[in-house]
Amino acid sequence: MLTKVLSAAHFGLKTIPIEVEVNIAKKGFPGFSIIGLPNKAVEEAKERVKTALANSGFDFPQAKVIINLAPADLPKEGSCYDLPIAVGILRCMGEIKLPEEKSFFYGELSLDGGLRHTKGAFLLAIAAKDEGIKKIFIPLDSANEAAVVKGVSVFPIKSLKELIFHLNDLALIDKLKLSKPKIVLKGVKAEFDLSEIMGQEQAKRALEIAAAGGHNLFLQGPPGAGKTMLARALPGILPSLNEEESLEVTKIYSVTGNIPPGGSLITNRPFRTAHHTVSRVGLIGGGSQPHPGEISLAHHGVLFLDELPEFSRSTLEALRQPMEDGMINISRSAGSAQFPSQFMLVAAANPCPCGFLGDYKKVCRCSPRQINRYQSKLSGPLMDRIDLHLNVPAVGVGKLMVSEKKKKGLEKSSVVRKRVAQARKRQNHRFAKTKGVFVNANMRNKQVNKFCPLSLMVQRLLKSAVANYRLSARAYFRLIKISRTIADLGGEKEITEAHLAESLQYRMRIEE
Amino acid sequence: MKQFNYQKGRVGEEAAKNYLTKKGFKIIASNFHTRFGEIDLIMIDNGVLVFVEVKAKTGENFGSPEEMITSKKVIRVKNMAKVFIQKNQVLARKHPCWRLDAVCLVLNKNQEVERIRHYENLV
């Protein structure tokens with residue numbers, strides 16, 4: 017007897033419906049085979065399904081069982097086919113009846129017949145909506161994710177037995193209603209509060225500008241000055257994701273299995289750090305079946321690269337194109353996939369191998385050649401894409417040993433966060449009708465011309481700055497974007513000379 | 100224990116032989132073995148040379164005999180069949196077609212056959 021059960025496969029962020037065809041033949045030598053380009057995880061579904069059925073009180077049929085995952089030419093991976101295979105076999109055995117409407121079955125089986133959290137549930141629900149499929153049966157732990165999508169009935173399943181009772185109308189499972197549409201995920205929390213950081217007022221200001229406009233930031237300074245501390249304080253001043261951003265980020269986190277069991281929407285802004293030994297595929301994404309890398313996991317959030325010159329050259333250069341485009345196209349023989357990558361790059365580095373070049377206390381003991389070699393690890397094109405360049409000097413002991421009263425006077429992250437949120441709100445308002453643009457840093461040149469008109473005085477200052485510092489065309493547009501953010505932080509409509517002047521000081525360092 | 104398994108195998112092979120003979124198969128050889136493996140029964144069915152793998156189990160509590168015939172086992176029998184054909188070329192020329200069959204038996208505690216099933220043409 018032949019049964020067809022619907023499930024889905026993910027390729028990149030695309031979801032393709034998969035028909036799981038189950039045939040139990042009366043003739044032929046008993047066996048169990050899965051065809052349709054399964055990978056190892058799908059192949060192993062055999063043992064899981066067999067045992068789960070046995071532990072749910074069913075004998076596995078002594079017959080030739082063939083599972084075909086159609087379309088057959090698309091490689092299948094993951095453990096999500098356990099449930100549709102089990103359901104198909106039970107239907108063939110005549111133990112259950114299938115729902116009349118088209119429904120998705122999706123999930124990994126545990127040996128005891130229970131269902132486990134399976135990645136990609138959110139994308140499945142979106143696909144169901146697009147394909148006009150009304151019902152999805154999904155593990156309880158993954159159901160919250162799927163229930164975010166409106167217009168699809170999500171049935172959370174604890175065990176195979178429960179599902180069998182439901183399908184036979186013996187004990188119905190209630191479809192999931194998400195009482196709170198959003199569940200804030202734990203995870204990214206700032207390690208440091210801005211008020212814990214002594215001194216570094218200029219750096220704190222630059223951090224605030226970067227957070228407000230989503231600008232890339234480069235911190236340079238001697239060891240121990242607080243570069244890493246500053247970067248790690250950043251999550252504390254970033255506002256949470258808005259609805260549209262949240263959906264995009266949740267998609268990526270769902271397909272990579274980064275949403276914990278029971279979680280639904282991601283509302284915290286991602287903060288990803290990558291060690292300098294990260295591979296190019298790990299950072300950019302890739303693999304024979306394209307998987308998102310760190311830059312996509314940092315979408316709408318922060319990617320922090322500490323010790324930037326230690327990263328391999330090819331890894332850093334690979335960042336150039338996705339930084340500019342806000343998305344990455346990964347093409348492999350299996351097909352090509354697109355992942356969004358509108359991240360904010362925060363990088364930290366020492367100025368030279370010993371770290372004390374330009375320090376006022378210690379003497380640098382590097383030779384000019386060493387310094388040259390160290391600094392040439394960071395290519396011009398990459399540095400040109402970074403909007404805010406910042407020197408983080410060592411903090412004097414006078415600033416470290418301050419009275420408790422003065423310490424209390426330091427601005428808390430939560431206060432800064434409010435200002436940043438205000439500035440982001442203004443930007444959201446401005447870009448409400450512009451698709452794909454959320455913050456000033458995302459603006460294309462066309463939008464810069466449209467949204468950032470410059471007064472004559474500002475134009476004159478800009479002209480002389482470009483001429484004096486020989487700024488590139490890209491730097492020209494980036495300058496205007498930073499000025500726009502500074503104006504947004506100040507709550508002003510027009511960009512003034514003061515805004516431009518402030519943005520220029522973050523640019524000057526590399527143009528010397 | 101070994102002795103017991105051997106006896107069980109003999110009982111199974113005997114039962115399989117009788118079962119197939121009743122079906123009209125003609126016996127050529129039994130327990131053909133070299134140092135690479137063994138073929139339990141070699142028979143002729145309608146002019147086709149049939150190599151039979153017999154699998155007997157006492158009770159089905161630890162899995163069915165069908166499960167014990169893995170793809171590895173099938174490959175081994177297939178290789179042995181080729182060896183047999185090499186060695187008996189006269190016979191092989193007379194019967195150019197050949198196939199692999201399996202007979203699966205479940206025995207009860209008294210070594211009596213509880214069920215017997217014949218599967219034609221393993222692939």
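Residue numbers (the working numbering), protein chains in the order written: chain L, 17 to 528; chain D, 100 to 222. Ideal placement from N, C-alpha and C gives every residue a C-beta, glycine not left out.
Every alpha helix (DSSP H) of 4 residues or more that sits fully in the region 106-167 of chain L is shown, in chain order, as 137-147 and 156-163.
Taking a C-beta cut-off of 9 Å against chain D, the contacting residues of the region 63-97 of chain L are Gln-78, listed in chain order. The residue from L:Val-168, L:Val-164 and L:Asp-146 with its alpha-carbon nearest to that of Ile-152 (chain L) is L:Val-168. Residue contact check for Phe-153 (chain L) against chain D: no CB pair falls below 8 Å.
Between Ser-163 (chain D) and Gln-78 (chain L) a beta carbon distance of about 6 Å is seen, short of the 8 Å cut, so the two are scored as contacting. For Phe-183 (chain D), the uninterrupted alpha helix (DSSP H) run begins and ends at 170-186, by DSSP. Under the 8 Å criterion on CB atoms, Glu-165 (chain D) is classed as interfacial with respect to chain L. Using a Cβ distance threshold of 8 Å, Thr-67 (chain L) and Cys-96 (chain L) do not count as a contacting pair. Following the DSSP letters along the chain, one finds Ala-334 (chain L) in no beta strand (DSSP E), marked with neither H nor E. Residues of chain L whose Cβ lies closer than 8 Å to the Cβ of Leu-204 (chain D) do not exist; the shortest such Cβ separation is about 14 Å. Contacts between Pro-46 (chain L) and chain D, judged by CB atoms closer than 7 Å, involve Glu-165 in chain order. In the structure shown, the three-state DSSP call for Leu-223 (chain L) is helix. Contact between the region 226-243 of chain L and the region 433-447 of chain L is present: three or more C-beta pairs spanning the two stretches fall below 8 Å. The beta-carbon separation of Ile-154 (chain L) and Ala-162 (chain L), rounded to 5 Å, stays under the 8 Å limit for a contact. Pairing Lys-80 (chain L) with Ala-41 (chain L) gives a Cβ-Cβ distance under 8 Å.
Cβ proximity to chain L below 8 Å picks out nothing from the region 172-196 of chain D.
Ala-155 (chain D) has a beta carbon lying at 8 Å or more from every beta carbon in chain L. Proximity of chain L to Ala-201 (chain D) at the Cβ level (cut-off 9 Å) is accounted for by Phe-45, in chain order. Taking C-beta atoms as the reference points, Thr-244 (chain L) and Val-294 (chain L) fail to come closer than 8 Å. Residue state for Lys-415 (chain L) is assigned as helix, using DSSP reduced to three classes. In the three-state reduction of the DSSP assignment, Lys-122 (chain D) falls in the coil class, being assigned neither a helical nor a strand state. Residue-level contact by beta carbon holds for Tyr-218 (chain D) and chain L, with a gap shorter than 8 Å. Using a Cβ distance threshold of 8 Å, Glu-112 (chain D) and Leu-140 (chain D) count as a contacting pair. For Gln-386 (chain L), there is no enclosing beta strand (DSSP E); the enclosing alpha helix (DSSP H) covers residues 384-391.
For Arg-64 (chain L), the enclosing alpha helix (DSSP H) has its first and last residue at 61-71. Rounded to the nearest whole angstrom, the CA to CA distance from Met-459 (chain L) to Phe-234 (chain L) is 20 Å. Two segments are said to touch when three or more pairs of C-beta atoms, one from each, lie closer than 8 Å; by this definition the region 382-391 of chain L does not touch the region 212-219 of chain L. Distance between Phe-287 (chain L) and Arg-490 (chain L), taken at the CA atoms: about 26 Å.
In the DSSP assignment, His-26 (chain L) is bridged to L:Thr-31.
Burial check for Tyr-376 (chain L): the Cβ neighbour count within 10 Å stays below 16, so the residue is exposed. For Leu-140 (chain D), not one C-beta of chain L is nearer than 8 Å to its own C-beta.
Here the C-alpha atom of Met-109 (chain L) lies approximately 14 Å from the C-alpha atom of Asn-184 (chain L). If you ignore the 5 residues before and after Pro-338 (chain L), its C-beta comes within less than 6 Å of the C-beta of Ile-311, Ile-344 and Ser-357, all in its own chain and listed in chain order.
The region 392-411 of chain L and the region 464-483 of chain L do not touch, with fewer than three beta-carbon pairs separated by less than 8 Å. Judged by DSSP secondary structure, His-445 (chain L) falls within the alpha helix (DSSP H) whose first and last residues are 429-446.
A straight line joining the alpha-carbon of Ala-290 (chain L) with that of Ile-112 (chain L) spans about 49 Å.
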